[in-house]
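2 protein chains.
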Amino acid sequence: MSLEVAILDVKPGATEEFEAAFKTASPIIASISGYISHELQRCIETQHRYILLVRWQKLEDHTIGFRQSAEYQQWRSLLHHFYDPFPSVEHYELVQLMQE
Amino acid sequence: MSLEVAILDVKPGATEEFEAAFKTASPIIASISGYISHELQRCIETQHRYILLVRWQKLEDHTIGFRQSAEYQQWRSLLHHFYDPFPSVEHYELVQLMQE
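Order-wise, the sequence lines are chains L and S.
When we follow the working numbering, the leftmost residue of the first sequence carries the number 1, and every step to the right adds one.
When we follow the working numbering, the leftmost residue of the second sequence carries the number 1001, and every step to the right adds one.
(1) Mind checking who Tyr72 (chain L) pairs with in its DSSP beta bridge?
(2) Tell me the DSSP secondary structure of His1091 (chain S) in three-state form.
(3) Under DSSP, the beta strand (DSSP E) around Glu17 (chain L) begins and ends at which residues?
(4) For His1038 (chain S), which of helix, strand or coil comes out of DSSP?
(5) Please name the residue in S:Val1005, S:Ile1044, S:Leu1003 whose C-alpha comes closest to that of Leu94 (chain L).
(6) Cutting at 6 Å between CB atoms, please list the residues of its own chain near Asp1061 (chain S), excluding the five before and the five after it.
(7) In angstroms, rounded to a whole number, what distance separates the CA positions of Leu53 (chain L) and Thr15 (chain L)?
(8) Contact criterion: CB-CB distance below 9 Å. Does Ala1021 (chain S) meet it with respect to chain L?
(9) Indicate the three-state DSSP secondary structure (helix, strand or coil) for Asp61 (chain L) in the structure shown.
(10) Please confirm whether Ser1069 (chain S) and Ala1006 (chain S) have their CB atoms less than 9 Å apart.
(11) Under the three-state reduction of DSSP, which class applies to Ser77 (chain L): helix, strand or coil?
(12) Within 9 Å of any Cβ in chain L, is that where the Cβ of Val1010 (chain S) sits?
(13) Looking at the unbroken beta strand (DSSP E) that takes in Glu1004 (chain S), where does it start and where does it end?
(14) Please tell me whether Glu71 (chain L) has its Cβ less than 9 Å away from any Cβ of chain S.
(15) Do you know offhand how far Glu4 (chain L)'s Cα is from Gln1074 (chain S)'s?
(16) Hey, out of L:Phe22, L:Arg55, L:Ala30, L:Gln47, whose CA is closest to Ser77 (chain L)'s CA?
(17) So Leu149 (chain L) contacts chain S; which residues on that side make the cut at Cβ distance below 7 Å?
(18) Distance, Cα to Cα, Asp84 (chain L) vs Leu97 (chain L)?
(19) Measure the beta-carbon distance from Phe1086 (chain S) to Val1010 (chain S) and round it to whole angstroms, keeping in mind my assumption that it falls under 8 Å.
(20) Can you list, in chain order, the residues of its chain with a C-beta nearer than 8 Å to that of Ser31 (chain L)? Leave out the 5 residues immediately preceding and following it.
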């Protein structure tokens, strides 16, 4: 499993509109082969910051399967104009998971 | 639920030792009241970078319950010397969760 991590700084004042657009866009990413789950979380300390965590079966499901798809163009046009600065995206692989 | 997020840049060359120390330290954080789960993930693009995601029942379980505990001193002494620069930690709350 590969974890995609993006810290999203949304233009201040546009957070409500962003959250609505994100909910519209969610089925797009969820329809891609290799998608497992995603969560959007909002920062408590910096109210116009979010973190997006997307779990993919493998790295290429995101970097190739999603980013080179027609669906990605829809995703982009719904969401990318909210970001300032444009986010960098990183991928992670599990070292340790522990639960109570 | 509150999500604690820390991007951890470990001194290059110390990643193996850090991962072993992290496994030693894990039961410390897991013993704190309000702890739900944590995951340590390693960055694919920057091999000495990690992300730590800790889920707490509420924000104060981390900011007060853990950080003001005796256990936190043990956690610090096991882990903090690996970080360069010293990480900033943020807290997030859920906007949307979706699963396949």
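Note that CB positions come from ideal geometry on N, CA and C, so glycine has one too.
Once the coordinates are examined:
(1) Beta-bridge analysis with DSSP links Tyr72 (chain L) to no other residue.
(2) His1091 (chain S) falls in the strand class under three-state DSSP.
(3) Here Glu17 (chain L) belongs to no beta strand (DSSP E); instead the alpha helix (DSSP H) covers 15-30.
(4) strand
(5) S:Ile1044
(6) Gly1034
(7) A direct Cα-to-Cα measurement between Leu53 (chain L) and Thr15 (chain L) gives close to 18 Å.
(8) no
(9) Per DSSP, reduced to three states, the secondary structure at Asp61 (chain L) is helical.
(10) no
(11) Helix at Ser77 (chain L).
(12) no
(13) Here the beta strand (DSSP E) through Glu1004 (chain S) covers 1002-1009.
(14) no
(15) 31 Å
(16) L:Phe22
(17) For chain L, the structure presents residues 1 to 100; residue 149 (chain L) sits outside this window and is missing.
(18) Looking at the two C-alpha atoms, the distance is approximately 32 Å.
(19) Phe1086 (chain S) to Val1010 (chain S), Cβ: 12 Å. No contact.
(20) Same-chain partners within the cutoff: Glu71.
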